[in-house]
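Step one of this worksheet: look at the structure below.
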Amino acid sequence: MTKTLSTICDFDVDAAFAGIIAAEWPNLEGRQTPTALCFTPGDTELSAKACRLARRAGRIRTMPWQSWSLDHIMAKASDGTWAHPECCLIVPRQNGKSLILVIRVLYGLFKLGENIIFSAQQWETAKSLWKRAWAIVKTTPWLNKLVESHTCSQGRGTIELTTGAKVVFTTRSANAGRGLDKVDLVIYDEAYDLTEADMAALSPTKMAADDPQTIYTSSAVNQEQHPNGQVLAAVRERMIAGEEGLFGAEWMAPEGLDRAEPSTWRWANPSFGVIQTVKKLMAEFKAMATAAGQKSFDVEYLGRGDWPSEIVELEPIIDPTLWGEMAQANVPVRGSIALGVDMTADQKFVTVAAATWTDEERVRLEVGYHAAPSREVITKLLDLISRWDPCVLVINGTSPAKSLVTDLAKAGIEPELTNSSQMTEACSAFYTAAVNRELSHADDPRLTEALKGAEKKEFAGGAWGWDYRSKVVLSPLQAATLAFWGLQAFGTSTVPDQVATQVVDGHHHRNDYADDGLMAAGF
0 MTKTLSTICD FDVDAAFAGI IAAEWPNLEG RQTPTALCFT PGDTELSAKA CRLARRAGRI
60 RTMPWQSWSL DHIMAKASDG TWAHPECCLI VPRQNGKSLI LVIRVLYGLF KLGENIIFSA
120 QQWETAKSLW KRAWAIVKTT PWLNKLVESH TCSQGRGTIE LTTGAKVVFT TRSANAGRGL
180 DKVDLVIYDE AYDLTEADMA ALSPTKMAAD DPQTIYTSSA VNQEQHPNGQ VLAAVRERMI
240 AGEEGLFGAE WMAPEGLDRA EPSTWRWANP SFGVIQTVKK LMAEFKAMAT AAGQKSFDVE
300 YLGRGDWPSE IVELEPIIDP TLWGEMAQAN VPVRGSIALG VDMTADQKFV TVAAATWTDE
360 ERVRLEVGYH AAPSREVITK LLDLISRWDP CVLVINGTSP AKSLVTDLAK AGIEPELTNS
420 SQMTEACSAF YTAAVNRELS HADDPRLTEA LKGAEKKEFA GGAWGWDYRS KVVLSPLQAA
480 TLAFWGLQAF GTSTVPDQVA TQVVDGHHHR NDYADDGLMA AGF
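For reference, each letter of the sequence shown is one residue, going 0 to 522 in numbering that gives the first Met the number 0.
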């Protein structure tokens, strides 16, 4: 059961930890309870063990809000998997969220044997956390004896253990996951500047893990200064909606409170009195006297984000009426089949689509398999390839679906991986074929909905592609576009000699097609 608290949190962390605050943190004045919260109850035993390890190794004490956050980040469901595969902490600057990450990393590395990537927008941030973690490890003999190697240079810090567990601290880039085939934990710090491309670079490595976890940490977004704040904004909206499997907590001062009052500062900053103080914040407040400065103070120290709006009226790229007119049921088809596979950026869906020709020389597009990623998709693909002998299987080279390549290769299948230039060509050709009424489809609502909400991502020279940041489940459209491109590049409209056909109502039909759609036979 998910517990959702979207405006003022009714779970009182302050009351639950009142005795600890009085005994261990007499100067702590900040509100420990987040303003917005979403979580699913789970077993918190691992969090208690992680905090004990931190106390033994680094003499680290956690404030109530920090240990409470770890309780939810490390909570286990009844089946032994993470209760929260995704976690998000949005906390004003300089409150100590990095300590939470250090504890989670150390326990994951030394006790869970995880492969971990900590990524930040700035190298100084990643390097600082590496130094903090390494300082604890090197001064703790029973931890240090397990270290096989450690490095920190050229934008990358590592700690590798004799057990094979490894943590990498790095800036975000296409090479962030190099050297790791499997990643169990990905941490996106400074997530106010996180992009879909940053996430796609690490998605294939997460897919190889049995029970991966992703953690986003950040201060609030100021869209005037953070043009890439959409990803974090989308995670926050899912938190507000109470999404199952997501732990989210946001500290902020409600709009009705005066930004000039220390009582407002205490509301937004859970470490107020220990890290943040009246003296420190008063200096910042006085320095930010302009309208722009006051906005920055609100965002950075009061958690009052200027979030990108998710409510945008989009004009569909392909006219819905035109698209509807190209719907055809039980259409005769012939020639080669091309398969396209795509996975959503959040890895919640993987889609297989197919393309072939109709007797009217249109390209027939159909969406087949569409489900959560699992081993089943490989089985489905191998079955289709065995029965249909497609001319090509196409995967976008920058999509999370690239994680399927290894398993396909083990089965002797080598998919065609598109580069960015081929992907933009595919999108342009798909659009041109649509406006010229050269497509045929089964009026599948998954593909129709993807087209209605799809957005363009512009590139230099007028090129464009479907934007993975679109607010719809985009994989049906991406998969159909890849299949369309594969058919154009590798297919033939003639019926292969080795495939038996039959004549029905004067039309050729391949025997392994069903009359209700070429993909229906396979799914």
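No residue lacks a Cβ here, since even glycine has one placed at the ideal position from N, Cα and C. On a predicted model such as this, the values are computed, not experimentally measured, just so you know.
Assigned secondary structure, Thr500 (DSSP; H/G/I helix, E/B strand, else coil): The predicted model places Thr500 with a pLDDT of 37, which falls under 50 and marks its position as unreliable; any figure quoted below should be read in that light. Reduced to three states, the DSSP call for Thr500 is strand.
Among Gln153, Leu111 and Ala482, nearest to Glu365 - alpha-carbon criterion: Minimum Cα-Cα distance from Glu365 among the listed residues Gln153, Leu111 and Ala482 corresponds to Ala482.
For Met62, three-class secondary structure by DSSP: In this structure, Met62 counts as coil in the three-state DSSP scheme.
Contiguous beta strand (DSSP E) assignments of at least 3 residues, all confined to the region 326-379: Those beta strand (DSSP E) runs which fall completely within the region 326-379 and span 3+ residues are 332-342, 349-357 and 362-370.
Among His83, Thr216 and Ala49, the one whose alpha carbon lies nearest that of Asn94: Ranked by Cα distance from Asn94, the first of His83, Thr216 and Ala49 is Thr216.
Phe489 to Pro331 span [Cα, whole Å]: For Phe489 and Pro331, the distance between alpha carbons rounds to 21 Å.
Complete runs of the beta strand (DSSP E) confined to the region 161-192 [at least 3 residues]: With a minimum length of 3 residues, the continuous beta strand (DSSP E) runs that stay inside the region 161-192 are 165-170 and 184-187.
Contacting residues, own chain, Cβ-Cβ under 6 Å from Gln497 (five flanking each side not counted): At Gln497, the pLDDT of 39 sits below 50, so the modelled position is not reliable; the number obtained from the coordinates is stated separately. Here the set comprises nothing.
Nearest to Asp145 (by Cα), restricted to the options Asp466, Ala337 and Thr161: According to the sequence provided, residue 145 is Leu. The question's Asp does not apply to it. When Asp466, Ala337 and Thr161 are compared, the shortest CA-CA separation from Leu145 is found for Thr161.
Per-residue DSSP class, three states only, for Cys390: Coil at Cys390, not helix or strand.
Separation of Arg445 from Cys426, as counted between CA atoms: A straight line joining the alpha-carbon of Cys426 with that of Arg445 spans about 18 Å.
C-alpha gap between Asp192 and Leu128, whole angstroms: For Asp192 and Leu128, the gap between their C-alpha atoms comes out near 18 Å.
Contact between the region 67-81 and the region 116-133 (3+ Cβ pairs under 8 Å): No contact exists between the region 67-81 and the region 116-133.
Trp141 burial status per 10 Å Cβ neighbour count (16 or more: buried): Counting Cβ neighbours within 10 Å, Trp141 comes out exposed, since fewer than 16 surround it.
Option nearest Asn143 by Cα separation, candidates Ser172, Leu105 and Leu111: Nearest C-alpha to Asn143 among Ser172, Leu105 and Leu111: Leu105.
Under the three-state DSSP convention, the category Asp305 falls into: Reduced to three states, the DSSP call for Asp305 is strand.
Closest Cα partner of Ala190 within the set Arg363, Ile214 and Thr80: Nearest neighbour of Ala190 by Cα position, chosen from Arg363, Ile214 and Thr80, turns out to be Ile214.
Whole-Å CB distance - Thr263 paired with Leu301, under 8 Å assumed: About 7 Å separates the beta carbon of Thr263 from that of Leu301, a gap short enough to meet the 8 Å contact definition.
Secondary structure of Lys144, DSSP reduced to three states: It is coil, neither helix nor strand.
Other residues of its chain near Glu415: CB distance less than 6 Å, five sequence neighbours each side excluded: Within the same chain, Glu415 has close Cβ partners Val391 and Val393.
Opening and closing residue of the beta strand (DSSP E) in which Tyr215 lies: Gln212 to Ser217 is the span of the beta strand (DSSP E), which, as asked, contains Tyr215.
As assigned by DSSP and simplified to three states, the class of Gly521: Its pLDDT being 48, under 50, Gly521 is placed unreliably by the model, and nothing is read from it.
Backbone secondary structure at His83 - three-state DSSP: The answer is coil: DSSP assigns His83 none of H, G, I, E or B.
Proximity below 8 Å, CB of Thr139 to CB of His149: For Thr139 and His149, no; Cβs fall outside 8 Å.
Boundaries of the beta strand (DSSP E) in which Thr417 is found, first to last residue: Unbroken beta strand (DSSP E) run through Thr417: Glu415 to Thr417.
The alpha helix (DSSP H) enclosing Ala119, as first and last residue numbers: Segment Asn114 to Ala119 is the beta strand (DSSP E) holding Ala119; no alpha helix (DSSP H) there.
Three-state secondary structure assigned by DSSP to His225: Collapsing the DSSP output to three states places His225 in coil.
Beta-carbon spacing of Leu438, Met325 below 8 Å: In terms of Cβ geometry, Leu438 and Met325 form a close pair [threshold 8 Å].
Opposing strand residues paired with Ile239 [DSSP bridges]: For Ile239, which the question treats as bridged, DSSP gives no partner whatsoever.
Supposed close pair Ala233, Asp341 - CB separation, criterion 8 Å: About 19 Å separates the two Cβ atoms, so there is no contact after all.
Where Leu36 sits in the DSSP three-state scheme: Note: Leu36 maps to strand in three-state DSSP.
C-beta contact flag for Met206 and Pro475 at 8 Å: No, the Cβ-Cβ distance between Met206 and Pro475 is not below 8 Å.
Under the three-state DSSP convention, the category Trp465 falls into: Three-state result, Trp465: strand.
Local conformation of His508 per DSSP, three classes: Unreliable placement is indicated for His508, whose pLDDT of 37 sits below 50; the coordinate value is still reported in the next sentence. Per DSSP, reduced to three states, the secondary structure at His508 is strand.
Exposed unless 16 or more other CB atoms sit within 10 angstroms - verdict on Thr378: Exposed, since its Cβ has fewer than 16 Cβ neighbours within 10 Å.
Three-pair Cβ contact test at 8 Å for the region 282-296 versus the region 53-63: Counting Cβ pairs under 8 Å, fewer than three are found: no touch.
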